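One structure is given here, and the rest of the page talks about it.
Number of protein chains: 2
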Amino acid sequence: MTPITANDTPASLLIIDDHPLLRRGVAQLLELEDDLELVGETGDPEAGIALALELEPDLVLLDLNMPDINGLEALRRLREANYGGRVVMFTVSDHEEDVVAALRTGADGYLLKDMEPEDMVRQLRQAALGRMVISESLTALLAEALRNQRSAPSTPDIHSLTQREREILKQLAGGLSNKLIARKLDITEGTVKVHVKHLLKKLNLRSRVEAAVWAVQEGFDA
Amino acid sequence: MTPITANDTPASLLIIDDHPLLRRGVAQLLELEDDLELVGETGDPEAGIALALELEPDLVLLDLNMPDINGLEALRRLREANYGGRVVMFTVSDHEEDVVAALRTGADGYLLKDMEPEDMVRQLRQAALGRMVISESLTALLAEALRNQRSAPSTPDIHSLTQREREILKQLAGGLSNKLIARKLDITEGTVKVHVKHLLKKLNLRSRVEAAVWAVQEGFDA
DNA sequence: CGAGGGCTATCCCTTAAGGGTTAGCCGAAC
DNA sequence: GTTCGGCTAACCCTTAAGGGATAGCCCTCG
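So the protein sequences, as listed, match chains A and B. So in the working numbering, the last spot in the first sequence is 229, and the numbers never skip. So in the working numbering, the last spot in the second sequence is 229, and the numbers never skip.
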């Protein structure tokens with residue numbers, strides 16, 4: 008779907024953060040890197056959303072704690088507006104709830120502001136390439152959150168479906184909407200719908216709910 | 008529960024791994040550290056469990072892939088036997104399912120065998136002190152798993168639903184649309200929607216698909 | 001080489017789903 | 001006897017879902 012930055016063109020980056028000094032710091036940091044280009048910056052969340060939709064940067068660095076609407080809300084609105092680039096939360100908060108909420112809302116990363124500059128650049132580079140980036144110090148936190156969780160997807164292997172259809176079904180059975188599946192598999196929602204349509208027909212089912220139930224009973228989800 | 012190792016006494020460590028060479032490697036590594044003491048080692052899971060209960064080491068390093076019973080099962084049995092020390096999984100597998108399963112079963116850490124020796128020692132030390140340790144390369148994986156998490160800060164439970172809501176959920180999990188449920192229960196579709204809305208809220212789920220999957224896993228339709 | 005299958009994608013259209021709000025009726029609890 | 005929870009129902013509104021059709025690209029098989 009959204010083309011990941013090629014190696015030969017710099018990744019475009021937008022920073023939305025209400026601390027001017029910090030913005031300047033990041034800007035200066037990025038000036039030294041020829042594969043990362045800061046294409047915009049603002050301290051106003053509203054303006055930031057508009058900028059993101061206008062500039063379509065590869066990556067948005069989004070402060071979690073801002074006046075008016077917070078970063079999470081901004082993230083939600085970006086996703087709703089079908090902004091397809093990467094969004095990395097950038098904050099001082101290492102509270103589990105914030106991290107979890109951000110990731111659930113569709114953040115592609117969560118970086119703490121106290122990172123070392125070199126690490127910062129490295130992580131941003133990875134993020135622009137499509138990898139999820141998380142500050143290392145949050146690892147234990149994530150593990151803890153995960154630990155309190157139930158059930159996880161596992162290996163399928165059912166007949167008439169193609170590989171892709173099985174993948175779609177697996178996600179579907181996980182309760183994801185077509186839009187979220189699309190985002191996760193990096194294809195358009197329309198394509199997901201095509202796959203869903205096909206697998207429903209092949210399995211002779213009438214809705215995604217039936218498909219989900221069938222998949223679970225078939226052991227797609229453990 | 009079990010007192011965390013004090014600074015002045017070495018942390019005791021037991022390794023259960025069916026690779027003798029690897030056990031020797033870890034043993035040698037720990038000989039150089041005066042705050043970590045290897046008190047036992049075995050390649051047999053059964054014997055390992057007995058040893059852990061006998062020696063009560065501060066930390067058990069447990070291989071995930073072993074013959075007979077696997078590491079996960081061993082972990083489960085250690086916990087059931089009220090072994091209160093730390094258990095860190097030690098494996099080559101970086102598959103999401105394995106990591107997630109281990110953490111859910113109560114592992115205090117998950118280390119990959121391809122770690123650098125210095126990192127290994129550092130992580131074991133942290134683990135003995137009670138910190139959860141996870142190989143850094145698994146961070147993105149954890150975040151992804153977390154992201155896919157559905158449901159509930161508090162375990163959703165069937166008992167919070169009214170009789171009618173349970174009935175609706177049962178039909179829903181059978182793959183019926185609101186309209187069909189209405190027809191079947193002889194109420195209007197609007198009313199069905201109200202019930203669905205309420206049960207989704209009570210169970211903290213985001214869609215009927217999630218509700219259906221949950222219900223099936225909970226053994227509703229059977 | 002040509003055919004077919006798999007994956008992607010788009011357009012158009014209809015129906016389903018879900019959130020918010022308000023409200024009437026009934027039975028049980030206070 | 002009034003309040004509260006459960007069940008019913010309707011309103012409005014937005015988004016999600018699914019069906020039909022078409023098509024480009026790539027790979028494989030014959």
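All C-beta atoms in this analysis are idealised placements derived from N, C-alpha and C, irrespective of residue type, glycine included. Treat the numbers as computed from the prediction; the structure is a model and nothing was measured.
- Non-local beta-carbon contacts of methionine 73 of chain B in its own chain, meaning distances under 8 Å to residues more than five positions away in sequence, involve Ile23, Asp24, Asp25, Gly50, Pro52, Ala81 in chain order.
- Residue contact with chain A for glutamine 178 of chain B: absent (no Cβ-Cβ distance below 8 Å to any residue of chain A).
- By a beta-carbon distance limit of 8 Å, valine 140 of chain B contacts glycine 116 of chain B. Their separation comes to about 4 Å.
- For glutamine 224 of chain B, the nearest beta carbon of chain A is closer than 8 Å to its own beta carbon.
- In the DSSP assignment, the residues bridged to aspartate 70 of chain A are A:Phe97.
- Taken through DSSP and simplified to helix, strand or coil, glutamate 44 of chain A comes out as strand.
- For leucine 118 of chain A, the enclosing beta strand (DSSP E) starts and ends at 116–119.
- If the five residues before and after alanine 189 of chain A are omitted, its C-beta is found closer than 6 Å to the C-beta atoms of Thr195, Glu196, Val199, all from its own chain and listed in chain order.
- At a C-beta separation below 8 Å, glycine 182 of chain A has these neighbours in chain B: Arg157, Leu212, Arg213, Ser214, Val216, Glu217, Val220.
- Serine 167 of chain B sits in a helix when the DSSP states are folded into three classes.
- Residue-level contact by beta carbon holds for glutamate 143 of chain B and chain A, with a gap shorter than 8 Å.
- One Cα belongs to leucine 148 of chain A, the other to valine 33 of chain A, and the distance between them is close to 26 Å.
- Rounded to whole angstroms, alanine 109 of chain B and arginine 173 of chain A show a C-alpha spacing of 26 Å.
- Assigned with DSSP and collapsed to three states, alanine 180 of chain A falls in helix.
- In terms of Cβ geometry, alanine 180 of chain A and valine 220 of chain B form a close pair [threshold 8 Å].
- Counting C-beta atoms within 10 angstroms of its own C-beta, alanine 88 of chain B has fewer than 16 neighbours from the protein chains shown and is therefore classed as exposed.
- In the DSSP assignment, isoleucine 23 of chain A falls within the beta strand (DSSP E) that extends over 18–23.
- Membership of methionine 139 of chain B in any alpha helix (DSSP H) is not indicated, and neither H nor E is assigned to it by DSSP.
- Apart from sequence neighbours up to five positions away, the residues of its chain that approach arginine 171 of chain A with a beta-carbon distance below 7 Å are His202, ordered along the chain.
- With 16 or more other Cβ atoms from the protein chains shown falling within 10 Å of its own Cβ, glutamate 48 of chain B counts as buried.
- Collapsing the DSSP output to three states places threonine 49 of chain B in a strand.
- Closest option to leucine 66 of chain B, judged by alpha-carbon separation, among B:Val99, B:Leu145, B:Pro124, B:Arg93: B:Arg93.
- Distance between leucine 45 of chain B and glutamate 38 of chain B, taken at the CA atoms: about 8 Å.
- Rounded to the nearest angstrom, the Cβ distance from valine 99 of chain B to lysine 120 of chain B is 5 Å, consistent with a contact under 8 Å.
- Taken through DSSP and simplified to helix, strand or coil, arginine 132 of chain A comes out as helix.
- Closest option to phenylalanine 97 of chain B, judged by alpha-carbon separation, among B:Leu43, B:Thr169, B:Asn211, B:Arg30: B:Arg30.
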